[in-house]
Amino acid sequence: MTCAACAVSVESILKTAPGVKNAAVNFANQSAWVEFDPTQTKPAELQKAVQSIGYDLVVDVEDPHAVQEEAQRQHYADVKFKTIGSIALALPVAIIGMFFMDMPYGTYISLLLSAPVVFYFGRSFFVNAWKQARHEKANMDTLVALSSGIAFLFSAFNTFFPEFWHARGVHPHVYFEAAAVVIAFVLLGKLLEEKAKRGTSSALKKLMGLQPKTIRILVNEVEQEVPVANVTPGMIVLVRPGERIPVDGVVRSGASFIDESTITGESLPVEKMVGGKVFAGTVNQKGSFTFSAEKVGADTVLAHIIKMVEEAQGSKAPVQALVDKIAGIFVPIVLALSLLTFAAWMIWGGEQAFTHALLTSVTVLVIACPCALGLATPTAIMVGVGKGAENNILIKDAESLERAHQVNAIVLDKTGTITEGKPTVTGLQWGTDGVNDQPKNIFYSLEAQSEHPLAEAVAARLKADGASRVSLTDFKSLTGRGVMAKVGDETFFVGNKKLLAEQGIAVDRDLEAAASQWQAEARTVVYYANTRQVLAIVAFADTIKATAAQAIQTLQQRGITVYMLTGDNEQTARAVAAQVGIEHFRAEVLPSDKATFVKSLQQQGRVVAMVGDGINDSEALAQADVSIAMGKGSDIAMDVAKMTLITSDLLYIPKALNLSTKTVRGIRQNLFWAFIYNLIGIPLAAGVLYPINGFLLDPMIAGAAMALSSVSVVGNSLRLKAAKI
């Protein structure tokens with residue numbers, strides 16, 4: 001595709017294909033997203049539809065990225081060849097036209113040199129314009145073909161039949177230099193644009209480069225090297241020092257330290273022993289080991305990251321919808337303006353009416369550029385998403401990247417977001433009856449069967465104290481409160497103070513005093529009770545993340561109000577909030593209450609970001625304007641969230657917002673210059689200054705300006721790559 005109008009043409013032809021429900025085409029990364037009914041159409045039929053208007057679609061191949069890469073490489077080489085050839089021939093034509101226009105046979109020499117530029121090096125403009133015209137469409141190729149074709153044919157007529165004009169008292173001007181130089185400059189602009197566009201997808205290429213092409217497997221203890229595409233789950237893979245791990249799996253033998261910074265963002269190597277999980281794209285450091293392949297191909301964590309980045313780079317920001325509408329009517333409007341310019345000069349142009357009419361109408365066609373308009377948003381989005389991926393910020397779609405800079409309220413989950421999410425038992429106190437084996441065993445059995453994150457820590461502590469499992473009946477999980485079960489005819493509970501209140505269970509004075517002391521120290525307290533009394537209390541400490549306070553201060557300095565929500569008790573929540581500098585918090589919040597709280601902020605006119613890591617945060621993440629999941633959290637949280645931080649560092653939240661601010665600023669700058677360029681350039685080309693100072697814009701200068709506009713927009717987007725977030 002050569003311009004935004006091309007993308008609109010491809011998109012419209014796909015949308016009209018049988019069985020297609022929706023389609024979106026991205027000009028910047030040359031991709032199409034199509035939702036279709038496979039019973040009504042096949043990818044091959046969509047490919048034929050696209051080919052009918054002069055493009056092609058890569059479908060049903062083993063490695064589509066490699067095919068697209070090769071096609072783009074060949075296209076770049078072809079444009080480079082045409083650019084060099086056209087400049088070599090156009091340069092002498094321009095020199096003759098500007099300085100030696102009266103030299104003997106000068107017009108014939110110019111004709112011979114410019115003909116191959118227009119009809120050989122520039123033939124693709126005419127071919128594509130014809131294919132578009134057959135479907136009653138027009139794009140940038142239409143403008144270039146018309147402008148250079150008309151200029152050349154008019155000049156050729158004047159070269160062979162000068163007497164036609166002499167008889168009418170008019171000097172027969174020729175514009176071979178305009179036709180040739182316009183083609184040369186447009187090709188040069190396309191060459192520079194293609195080169196710059198390659199840079200916008202460099203982050204995705206880096207991620208793809210993390211995937212090894214081959215893999216060593218052990219078959220009956222014999223080492224074999226096979227393509228990574230042939231690996232299936234269950235195969236035994238051998239990894240040596242310094243090698244990248246090719247697929248996800250579990251260590252079977254050996255041990256090593258692995259650099260997982262590409263996946264987690266954590267700089268320190270992680271020790272892996274038997275039973276440890278390893279991930280594709282990470283680097284083995286010192287030891288050799290074998291592992292059993294679990295997730296291969298598109299199922300690996302790295303493949304999911306690549307897919308998310310690719311889809312985000314191909315998605316459209318809301319502002320792009322307006323740009324697409326403008327691009328769709330841009331070329332027909334320019335054609336109409338060119339005809340209007342021609343007519344105006346013919347009516348009011350005086351003695352040189354026809355010459356000026358032809359020159360200005362051709363210049364209007366040349367200078368109008370839908371490319372800059374089409375590249376303005378997607379190139380900035382591609383660079384922004386890539387920049388995020390390089391900084392451990394995965395962005396799922398362009399809308400969230402565009403929206404994030406407007407956030408003025410952030411809701412943070414406590415456990416696993418502000419805190420490490422790895423609670424440890426710091427206190428266990430039994431009631432007045434003391435401790436004996438049966439209550440201890442029941443407590444252990446309840447916690448061993450519970451799915452709550454705190455339960456695992458309690459079960460580990462009680463098991464270390466010699467507890468063993470007993471048979472439970474009627475086990476129930478009470479959302480936001482705890483668990484209950486029966487042993488014989490007696491019912492036992494493990495949970496929070498709210499559960500005790502519901503069941504009417506009293507807490508004796510000594511246990512209540514201990515619980516209050518622990519809560520004042522920002523520790524979470526869990527109660528173990530039967531129907532009559534509290535049997536024991538347990539205190540947990542969950543370390544606050546080292547960067548939490550700094551990150552929250554940074555967000556507040558941006559004018560963002562920070563809220564903390566937690567299912568924990570009021571005292572613990574207050575203590576944690578005080579330590580990290582949060583003024584607004586809510587305790588003992590159920591999962592559904594989190595979503596309700598987000599909605600209430602939105603009803604106050606706030607743009608809300610929700611940050612969480614657990615299944616209980618997924619409803620609130622879905623409700624928020626911008627949803628951010630911590631990368632070490634649950635899969636469902638990451639599926640729902642529009643952004644994922646592949647790190648536990650909260651400082652990446654303000655970084656994500658800064659990235660949004662800089663990306664949106666780049667989009668606005670690009671759109672401003674693209675619109676201003678056309679708003680100023682087209683009237684100048686039409687000769688609006690001629691009545692004032694006699695100025696007419698040369699088509700050659702118009703061609704150079706057109707080329708420069710696209711390159712400047714892509715160049716402005718690429719500045720984000722060097723920006724600090």
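Per UniProt numbering, the sequence shown runs over residues 1 to 725.
Heads up, the beta-carbon is just placed ideally off N, CA and C, and yes, glycines get one too.
To the nearest angstrom, how far is the alpha carbon of residue i from that of residue j?
| i | j | result |
| --- | --- | --- |
| Val366 | Leu651 | 49 Å |
| His173 | Ala77 | 36 Å |
| Val713 | Thr379 | 8 Å |
| Lys286 | Pro269 | 11 Å |
| Ala551 | Lys272 | 31 Å |
| Arg252 | Lys277 | 10 Å |
| Ala722 | Gly384 | 11 Å |
| Ser634 | Arg558 | Only weak support is given to the placement of Ser634: the predicted model assigns it a pLDDT of 46, under 50, and the value that follows is read from those uncertain coordinates. Those two C-alpha atoms are separated by around 29 Å. |
| Asp437 | Ile393 | 50 Å |
| Leu428 | Leu462 | 10 Å |
| Ser110 | Pro116 | 11 Å |
| Ser12 | Phe27 | 14 Å |
| Leu302 | Asn220 | 29 Å |
| Lys498 | Arg481 | 6 Å |
| Glu69 | Trp165 | 52 Å |
| Thr424 | Phe585 | 23 Å |
| Glu223 | Ile215 | 10 Å |
| Ala336 | Ala44 | 37 Å |
| Gln503 | Phe443 | 18 Å |
| Gln406 | Met610 | 13 Å |
| residue 726 | Lys422 | Only positions 1 to 725 of the chain appear in the structure, and residue 726 is not among them; the question remains open. |
| Ala467 | Thr661 | 55 Å |
| Gly275 | Thr572 | 36 Å |
| Phe475 | Gln533 | 19 Å |
Near residue i, what residues of its chain come up, given a Cβ to Cβ distance below 8 Å and the 5 sequence neighbours on each side ignored?
| i | result |
| --- | --- |
| Gly106 | Ile96 and Phe100 |
| Leu191 | Tyr76, Val79, Lys80 and Thr83 |
Can you tell me where the beta strand (DSSP E) holding residue i begins and where it ends?
| i | result |
| --- | --- |
| His452 | Neither: His452 is in no beta strand (DSSP E) and is coded neither H nor E. |
| Phe675 | Note, Phe675: premise wrong, no beta strand (DSSP E); alpha helix (DSSP H) at Tyr652 to Ala686. |
| Leu57 | It is not in any beta strand (DSSP E) - Leu57 carries neither H nor E in the DSSP assignment. |
| Met98 | Taken as a continuous stretch (DSSP letters only), Met98 belongs to no beta strand (DSSP E), being part of the alpha helix (DSSP H) at Pro64 to Phe99. |
| Phe36 | Ser31 to Phe36 |
| Leu689 | No beta strand (DSSP E) contains Leu689, which DSSP labels as neither H nor E. |
| Asp474 | Thr473 to Leu478 |
| Arg509 | Run containing Arg509: none in the beta strand (DSSP E); it sits in the alpha helix (DSSP H), Arg509 to Ala520. |
| Thr524 | Thr524 to Asn530 |
Sorted by chain position, which residues of the same chain lie with C-beta nearer than 6 Å to residue i's C-beta, five sequence neighbours on each side aside?
| i | result |
| --- | --- |
| Ser114 | Val93, Phe176, Ala179 and Ala180 |
| Phe36 | Gly19 and Val20 |
Quick check on DSSP: helix, strand or coil for residue i?
| i | result |
| --- | --- |
| Gln623 | helix |
| Lys137 | coil |
| Thr596 | helix |
| Glu399 | helix |
| Thr377 | helix |
| Gly189 | helix |
| Val127 | helix |
| Asp248 | strand |
| Gly276 | coil |
| Tyr175 | coil |
| Lys724 | coil |
| Asn441 | helix |
| Met235 | coil |
Please tell me whether residue i has its Cβ less than 8 Å away from any Cβ of chain D.
| i | result |
| --- | --- |
| Ile305 | Here there is only one protein chain, and chain D is not present. |
Start and end of the alpha helix (DSSP H) containing residue i?
| i | result |
| --- | --- |
| Gly164 | The sequence shown places Phe at residue 164, not Gly. Start and end: Glu163 to His166. |
| Arg586 | First-last for Arg586: His584 to Arg586, but that is the beta strand (DSSP E), not the alpha helix (DSSP H). |
| Gly106 | Gly106 to Pro116 |
| Leu499 | Lys497 to Gln503 |
Leaving out five residues before and five after residue i in sequence, what residues of the same chain have Cβ atoms less than 7 Å from its Cβ?
| i | result |
| --- | --- |
| Leu218 | Ile236, Leu238 and Thr290 |
| Gln556 | Val562 |
| Val664 | Glu402 and His405 |
Would you kindly check if the distance between the Cβ of residue j and the Cβ of residue i is under 8 Å?
| i | j | result |
| --- | --- | --- |
| Thr377 | Val331 | no |
| Ile410 | Leu401 | no |
| Leu720 | Lys387 | yes |
| Thr341 | Ala702 | no |
| Ala145 | Phe126 | yes |
| Met630 | Ser648 | yes |
| Thr426 | Ala539 | yes |
| Val296 | Pro233 | yes |
| Gln623 | Val598 | yes |
| Gly612 | Leu621 | yes |
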